[in-house]
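Engineer:
2 protein chains.
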Amino acid sequence: MTLYSIGEFSRMSGLTVKTLRFYHEKQLLTPALVEQETGYRNYDKSNLERAHIIVALRELGFALDSILEILAECGDDADVLIFLEERKHQLQDEIRERDDIVRVLDSIIETETNARSEMTKTISEIEEKVLAPILVGGIRMTGRYSDCGKAFRQLGRKLGRHMGGKAMMLCYDDEYREEDADFEPCVPLKREVQAEGVEVRELPGGKCISLVHFGPYEDFGRSYHRLLDYAKEREFSLVNPSREVFIKGPGMIFKGNPKKYVTELQFLIKT
Amino acid sequence: MTLYSIGEFSRMSGLTVKTLRFYHEKQLLTPALVEQETGYRNYDKSNLERAHIIVALRELGFALDSILEILAECGDDADVLIFLEERKHQLQDEIRERDDIVRVLDSIIETETNARSEMTKTISEIEEKVLAPILVGGIRMTGRYSDCGKAFRQLGRKLGRHMGGKAMMLCYDDEYREEDADFEPCVPLKREVQAEGVEVRELPGGKCISLVHFGPYEDFGRSYHRLLDYAKEREFSLVNPSREVFIKGPGMIFKGNPKKYVTELQFLIKT
DNA sequence: GCTAAGGCCTCCAGTAAGGGGAGAGTCAAG
DNA sequence: CTTGACTCTCCCCTTACTGGAGGCCTTAGC
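Chain order of the listed sequences is C and S.
Each residue of the first sequence is one higher than the one before, counting from 0 in numbering that gives the first Met the number 0.
Each residue of the second sequence is one higher than the one before, counting from 0 in numbering that gives the first Met the number 0.
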């Protein structure tokens, strides 16, 4: 039987010399002959066959340990079936994981891209427009506005992949309240879902007045004032709750700079 | 400003103590205060904020190096956009890779599962049946039958994901030839594809006689003999080339045991 | 006979993101 | 003063190798 030096065998098998030495150490591929004196490794045809199997399994992404196990237990593709099924499930899990991340990335990217285009309108004018009805899931609560973070996180966890669109807050108070405000963080949904502790329903559409507010939430007062004045002038009767749509707020990752926040304030008009 | 011990901060941030120490070393998250004497780490609110960002980025699968870079360059989700896009492409590549492997796994699994059910029929009887036309890609060659391996590997590389069904060989010789046999390894295709060096065409369907052969290829002689006798008895006129469908041959991974090979020999009948 | 070039060997260090544990110092309560 | 909880540093382990240093052996060229 012809023998090949490690260099020759490397070229034949497509494995590097380093890798071959490593596989020898791991008992994954033991050379047919190791010269006593020099320690030189010599490989033969059967080594090559085994090397091909190893390469094939490696390309399927098996760990070396698994390959070792497979080589020990299997002599035929049929015997590998169980391992293949297992590996397939592993891969499908990995794909699912990555798919989920991509979805999250997409939603962040979309939000930021929208916000960017919104930012170009620097002057904020009051607009009259018509809102479409919208399906949302919300958590109504009493307390400080700044406590809404928890609610949004909870919405994120419970509704996850069903969310679609910008988060918003419904404000039920007629006057400004610091400590015991009555409000409802909510997110638009792509489809009807049930989730514990979350009220899912359709918000009515209709004619509304809207104002885009640039800057921190503490400054909402002035923008609300402008909206109310505008409504009074035209004798519009406004419908509770008002809506605050977070075009750009604290990001999913960074808190960002409140001066750069963009929020659209909306009031439906009673007709 | 309140300070927290590493244990408290660990509970607050959801990062293990080990991880916090590691991030300190990597300068990813430097405690607000390190006591000179004891070396105790003390964290503050701003550390917590940074920790939240790190966790968020880590959940998106960013490497710590990238996180470090992002933290250095970005102060806002908008700044991260480029990184997010990049990460998304990475993920999509990873998904594609895994999808490809899953497809390969599926084809191996399918082949072996089919072979297994075929194996249960132990007696091989000559059958008359009707073949549907089938789209194939093939590489016609002259030489030894045993040289077909290269051709199949080439078909695998060039047609990859378009293949669907069991590989087969078309034999154009009227008599047995050792050295200069004329044959064509080919694979069924799901759709019309073009590939250099590969002839893609539809094999005609029609009535045929078929015999399932169990065992090594060297024993084909007897099975062919049985088919030819059967045809002569019934005065069937057979059409060249004959087809050898590899129900179970050398696996994609293991060469397997030739005694377990299963091949279906088919001859179309001239009508 | 000497040197240079390959080819081969072993051993060590490093990768990413920490986990596990040893041995020693620190802190607060009983 | 002791005990138990907490913290520190340092080292080794993981995967599947890669890179490099230093050394042995053979052959070709001068």
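Heads up, the beta-carbon is just placed ideally off N, CA and C, and yes, glycines get one too.
Here the structure is a predicted model, which is why all the values come from computation and not from measurement.
1. So, at 8 Å on beta carbons, what are the nonlocal neighbours of H23 of chain C in its own chain, with the 5 sequence-adjacent residues on each side left out?
2. Between which two residues does the beta strand (DSSP E) harbouring I52 of chain C extend?
3. Count the other CB atoms within 10 Å of the CB of Y175 of chain C; is the residue buried (16 or more) or exposed (fewer)?
4. Below 8 Å between beta carbons: does that hold for V238 of chain S and L267 of chain S?
5. Taking the straight line between their C-alpha atoms, what separation do you get for L210 of chain C and L226 of chain C?
6. List, in order along the chain, the chain S residues whose C-beta lies closer than 7 Å to that of C73 of chain C?
7. If the cut-off is 9 Å on Cβ atoms, which residues from the segment 100-112 of chain C count as contacting chain S, listed in chain order?
8. If you draw a straight line from the alpha carbon of Q26 of chain S to that of Y42 of chain S, how long is it in whole angstroms?
9. Can you give me, in chain order, the residues of the segment 83-99 of chain C that have a beta carbon less than 8 Å from any beta carbon in chain S?
10. Who are the near neighbours of V79 of chain C in its chain, counting only those whose CB is closer than 8 Å to its CB and skipping five residues on each side?
11. Leaving out five residues before and five after V261 of chain C in sequence, what residues of the same chain have Cβ atoms less than 7 Å from its Cβ?
12. Indicate whether at least one CB of chain C lies closer than 8 Å to the CB of I66 of chain S.
13. Where does G250 of chain S land, buried or exposed, given buried means 16+ other C-beta within 10 angstroms?
14. Tell me, to the nearest whole angstrom, how far the beta carbon of E201 of chain S is from that of G137 of chain S; I am working on the premise that it is less than 8 Å.
15. Mapping DSSP to helix, strand and coil, what is K25 of chain S?
16. Under 8 Å between C-beta atoms, does G137 of chain C make it to chain S?
17. Does the count of Cβ pairs from the segment 132-148 of chain S and the segment 82-102 of chain S closer than 8 Å reach three?
18. Determine the direct distance from the alpha carbon of I53 of chain S to that of K44 of chain C, and round the result to whole angstroms.
19. Comparing alpha-carbon positions, which option in S:L32, S:G155, S:A50 lies nearest G196 of chain S?
20. On the criterion of 16 or more Cβ atoms from any shown chain inside 10 Å, does N256 of chain S qualify as buried, or is it exposed?
21. Please go through the same chain and pick out, in chain order, the residues whose beta-carbon is closer than 7 Å to the beta-carbon of S9 of chain C, but skip the five residues on each side of it.
22. Can you check whether the C-beta of D76 of chain C is within less than 8 Å of a C-beta belonging to chain S?
23. Give, in chain order, every residue of the segment 30-58 of chain C whose Cβ lies closer than 9 Å to some Cβ of chain S.
24. Can you find at least 3 beta carbon pairs, one from the segment 159-169 of chain S and one from the segment 94-114 of chain S, that sit closer than 8 Å?
25. Whole angstroms is fine: what's the gap from Y216 of chain C's alpha carbon to C147 of chain C's?
26. Taking any Cβ of chain S, which residues in the segment 140-166 of chain C have a Cβ under 9 Å from it, in chain order?
27. Would you report the Cα separation of L130 of chain C and F235 of chain C, rounded to the nearest angstrom?
28. For the beta strand (DSSP E) holding I246 of chain C, just list the boundary residues, first then last.
29. Can you name the residues of chain C whose CB is closer than 7 Å to the CB of L80 of chain S?
30. Using DSSP with H/G/I as helix, E/B as strand and the rest coil, what is Y223 of chain C?
31. Applying a beta-carbon distance threshold of less than 7 Å, which residues of chain S neighbour R115 of chain C?
32. For the segment 227-261 of chain C, which residues have a beta carbon sitting closer than 9 Å to at least one beta carbon of chain S?
33. Can you tell me where the alpha helix (DSSP H) with L70 of chain S in it begins and where it stops?
34. Using the beta-carbon count (16 or more within 10 Å), is V33 of chain S buried or exposed?
35. Using a Cβ cut-off of 9 Å, pull out every chain S residue sitting near G60 of chain C, in sequence order please.
36. Which two residues bound the contiguous beta strand (DSSP E) that contains R190 of chain C?
Structural biologist: To lay it out plainly:
1. Position 24 of the first sequence holds residue 23 of chain C. Counting only Cβ-Cβ distances below 8 Å, and skipping sequence neighbours, we find T29, P30, R40.
2. Locating residue 52 of chain C in the first sequence gives position 53, counting from the first residue. Careful: I52 of chain C lies outside any beta strand (DSSP E), inside the alpha helix (DSSP H) at 44-58.
3. The residue you call residue 175 of chain C lines up with position 176 of the first sequence. By the neighbour-count rule (16 or more Cβ atoms within 10 Å), Y175 of chain C is not buried but exposed.
4. Along the second sequence, read from residue 1 onward, the residue named residue 238 of chain S stands at position 239. Along the second sequence, read from residue 1 onward, the residue named residue 267 of chain S stands at position 268. The answer is yes: Cβ separation under 8 Å.
5. Here residue 210 of chain C refers to the residue found at position 211 of the first sequence. Here residue 226 of chain C refers to the residue found at position 227 of the first sequence. Taking the straight line from one Cα to the other gives about 7 Å.
6. The residue given as residue 73 of chain C occupies position 74 in the first sequence. Ordered by position in chain S, the residues that pass the 7 Å Cβ test against C73 of chain C are F253.
7. I100, V101, V103, L104, D105, I107, I108, T110, E111, T112
8. Residue numbering aside, residue 26 of chain S sits at position 27 when the second sequence is read from its first letter. Residue numbering aside, residue 42 of chain S sits at position 43 when the second sequence is read from its first letter. Those two C-alpha atoms are separated by around 14 Å.
9. L83, E84, R86, K87, L90, Q91, E93, I94, R97, D98
10. Position 80 of the first sequence, counting from 1, holds the residue named residue 79 of chain C. Cβ neighbours of V79 of chain C beyond the five flanking positions: I69, C73.
11. In the first sequence, the residue the question calls residue 261 of chain C occupies position 262. Excluding sequence neighbours, V261 of chain C sits near A114, E117, M118, V211, F213, I246, K247.
12. Here the question's residue 66 of chain S lines up with position 67 in the second sequence. It does not: the Cβ of I66 of chain S has no partner Cβ on chain C nearer than 8 Å.
13. By 1-based counting over the second sequence, the position of residue 250 of chain S is 251. With 16 or more other Cβ atoms within 10 Å, it is buried.
14. As a working mapping, residue 201 of chain S is identified with position 202 in the second sequence. As a working mapping, residue 137 of chain S is identified with position 138 in the second sequence. Not really, about 11 Å apart at Cβ, beyond 8 Å.
15. Locating residue 25 of chain S in the second sequence gives position 26, counting from the first residue. Reduced to three states, the DSSP call for K25 of chain S is coil.
16. As a position in the first sequence, residue 137 of chain C is number 138, starting the count at 1. G137 of chain C does not count as touching chain S.
17. no
18. Taking the first residue of the first sequence as position 1, residue 44 of chain C is located at position 45. Taking the first residue of the second sequence as position 1, residue 53 of chain S is located at position 54. Each residue's Cα considered, the two are about 52 Å apart.
19. As a position in the second sequence, residue 196 of chain S is number 197, starting the count at 1. Out of S:L32, S:G155, S:A50, S:G155 has the C-alpha closest to the C-alpha of G196 of chain S.
20. Reading the second sequence from its first residue, position 257 is the one you call residue 256 of chain S. With fewer than 16 Cβ atoms within 10 Å of its Cβ, N256 of chain S is classed as exposed.
21. As a working note, residue 9 of chain C is residue 10 in the first sequence. So the list reads T15, V16, L19, once near-sequence residues are dropped.
22. The residue given as residue 76 of chain C occupies position 77 in the first sequence. Taking Cβ atoms only, chain S reaches closer than 8 Å to D76 of chain C, which makes this a yes.
23. E48, H51, I52, A55, L56, E58
24. yes
25. Position 217 of the first sequence, counted from the first residue, corresponds to residue 216 of chain C. Position 148 of the first sequence, counted from the first residue, corresponds to residue 147 of chain C. Their backbone Cα atoms lie some 12 Å apart in a straight line.
26. none
27. By one-based count along the first sequence, residue 130 of chain C stands at place 131. By one-based count along the first sequence, residue 235 of chain C stands at place 236. Taking the straight line joining both Cα atoms gives about 16 Å.
28. Within the first sequence, the letter at position 247 stands for residue 246 of chain C. Where I246 of chain C is concerned, the enclosing beta strand (DSSP E) stretches over 236-247.
29. By 1-based counting over the second sequence, the position of residue 80 of chain S is 81. Near L80 of chain S (Cβ distances below 7 Å), the residues of chain C are I108, E111.
30. Working through the first sequence from its first residue, we reach residue 223 of chain C at position 224. If DSSP states are grouped into helix, strand and coil, Y223 of chain C belongs with the helices.
31. Your numbering for residue 115 of chain C matches position 116 in the first sequence. Correct list: A77.
32. K247, P249, G250, M251, I252, F253, K254, G255, N256, K259
33. As a first step, residue 70 of chain S must be located in the second sequence, where it is residue number 71. Segment 63-72, the alpha helix (DSSP H) holding L70 of chain S.
34. Position 34 of the second sequence, counted from the start, is the residue given in the question as residue 33 of chain S. That one is exposed.
35. In the first sequence, residue 60 of chain C corresponds to position 61, counting from 1. In chain order: E96, R97, I100.
36. Mapped onto the first sequence, residue 190 of chain C falls at position 191. Looking at the DSSP string, R190 of chain C is not in any beta strand (DSSP E), and its letter there is neither H nor E.
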